[in-house]
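Novice:
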Amino acid sequence: GENIDRRFDFVVDCRGTGARASLNALRTVRGESILLHAPEVSLKRPIRMLHPRYPLYVVPREHNHYLIGATQIESDDLSPISVQSVLELLSSAVLLHPGFKDSRIVTLGANCRPAFFDNRPKIIVRSKSMFINGLFRHGFMCAPAILSECVSFLECGHFSDAFSQAFVVNEN
-7 GENIDRRFDF VVDCRGTGAR ASLNALRTVR GESILLHAPE VSLKRPIRML
43 HPRYPLYVVP REHNHYLIGA TQIESDDLSP ISVQSVLELL SSAVLLHPGF
93 KDSRIVTLGA NCRPAFFDNR PKIIVRSKSM FINGLFRHGF MCAPAILSEC
143 VSFLECGHFS DAFSQAFVVN EN
């Protein structure tokens, strides 16, 4: 906001859905996920699966843990994960690798992700503020590149041309 701008040289806003009042085009998309411990599965890289309702990811974590997710529901509902989603996520995991049948459920999760109408992240530069938002479901893959570009902007005053054309909205 305006009051913060006066107290700091530059503000970087990464509040996600908390920035909806400042970013009118931002919406929330509910995502549900399951963390599994699956010693019989040995995947090294994230896998994107096509599902009839939404694309799913299987993301390897340390010590044979795998994050399966996430659903994509147009809602700002923060209630626990639905039975339908649990069944869809688990059946998709088993279809990918039969070793998931004997895995153990570590956690079930549900939360809301920030997204813009085109589901692409945006870096919005406005006065002395930068909004990094809308990473939607691909944040874990593109966040390192976005961070690198934003640090470069703060140090040098500009983004690379390709990054700027793809992700930056300059409202100055």
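Residue numbers for the sequence shown follow my numbering, beginning at -7 and rising by one. We treat Cβ as the ideally placed atom computed from N, Cα and C, and that holds for glycine.
Would you give the residue range spanned by the alpha helix (DSSP H) that residue 155 belongs to?
Specialist: 153 to 159
Novice: May I ask you to report which of helix, strand or coil DSSP gives residue 6?
Specialist: Coil.
Novice: Since residue 124 is in the beta strand (DSSP E), which residue starts that stretch and which ends it?
Specialist: 121 to 125
Novice: Express the C-alpha separation of residue 111 and residue 131 in angstroms, rounding to a whole number.
Specialist: 11 Å
Novice: Just list the residues that DSSP pairs residue 46 with in beta bridges.
Specialist: None; residue 46 has no bridge partner.
Novice: In the DSSP output, what is residue 75 paired with across the bridge?
Specialist: None, per the DSSP bridge assignment.
Novice: Determine the direct distance from the alpha carbon of residue 108 to that of residue 17, and round the result to whole angstroms.
Specialist: 6 Å
Novice: Is it buried or exposed for residue 97, if we count other Cβ within 10 angstroms and need 16 for buried?
Specialist: exposed
Novice: Using alpha carbons as the reference points, say which of 28, 52, 133 and 115 lies closest to residue 81.
Specialist: Residue 28 is the option with its Cα nearest to residue 81.
Novice: For residue 138 and residue 125, what's the separation of their Cα atoms in angstroms?
Specialist: 10 Å
Novice: Let me know the secondary structure DSSP gives residue 98 once reduced to three states.
Specialist: strand
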